[in-house]
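> If you read the sequence shown in the UniProt record's numbering, its first letter stands for residue 1, the second for the next number, and so on.
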Amino acid sequence: MVVSQEKGPGSLSGLNPDCRYLLNKGRLGFYGKEVRKLRIDKDMRLYEMAEAVGLSAAFLSTIEKGDRVAPKNLVEKVVGALGLEVGGKEHRSLDEAVMLDRGYVTVDISKASTQAQDVAVKFARSLGSLNDAQLTAVLAIVNKGAPSQLRAC
């Protein structure tokens, strides 16, 4: 059964609150899973984390459960509260999890070269039409960070 978060047939909005809770129960978002794991690994309780990042424990709990998307600056606050390395693996993992939960990615290309801006725009436009092999090739290039593998046309 496919259930969307939007209004209309097949949505959760028409269900009574108890039914919505049961359907969503145990459905953590990507960010919720990641931040909960890191928080528990650091032996920090929810209320301690909430206090450290300036949120109520109830609000932070809704974020961990996937009922709300993390506010923009929460990742940086969590990184600081947990004593994680800024720009490190765990920080990047939290950033990626927020993007996955939101369903979109925002990239600041204002300071990038003209060529990099062109690549970013064309990639964004063509993303939906690339097949698995093409996506795998792009991912291999990006993961290696080897611009020498790119050839001018």
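Cβ atoms here follow ideal geometry from the backbone N, Cα and C, with glycine treated the same way.
None of the values given here were measured: they were computed from a predicted structure.
Using C-beta distances below 6 Å, list every residue in its chain close to Leu94, excluding the 5 sequence neighbours before and after it, in chain order.
Glu34, Val75
> Can you confirm whether the region 42 to 50 touches the region 58 to 75 when touching is taken to mean that 3 or more C-beta pairs between the two stretches lie within less than 8 Å?
yes
> Could you give the first and the last residue of the continuous alpha helix (DSSP H) run that contains Leu100?
89 to 102
> Do you know offhand how far Ala120's Cα is from Glu85's?
28 Å
> With DSSP collapsed to three states, give me the class of Asn73.
coil
> Report the rounded CA-to-CA distance for Leu135 versus Lys122, giving the unit in angstroms.
14 Å
> Could you give the DSSP three-state label for Glu48: helix, strand or coil?
helix
> Check whether the region 92 to 107 touches the region 127 to 134, taking contact to mean three or more Cβ pairs, one atom from each stretch, closer than 8 Å.
no
> Helix, strand or coil for Leu127, going by three-state DSSP, please let me know.
helix
> Considering Cα atoms alone, identify which of Gln115, Lys111, Gln117, His91 is closest to Val79.
Checked all of Gln115, Lys111, Gln117, His91; the closest Cα to Val79 is His91.
> Nearest by alpha-carbon distance to Arg102: which of Gly66, Gly87, Arg36 is it?
Gly66
> Check for me: the alpha helix (DSSP H) holding Arg68 runs from which residue to which?
Per DSSP, Arg68 belongs to no alpha helix (DSSP H) and is neither H nor E.
> In angstroms, rounded to a whole number, what distance separates the CA positions of Leu82 and Leu38?
Cα-Cα distance, rounded: 8 Å.
> Here's the rule I'm using: 16 or more other beta-carbon atoms within 10 Å means buried, otherwise exposed. How should Ile141 be labelled?
exposed
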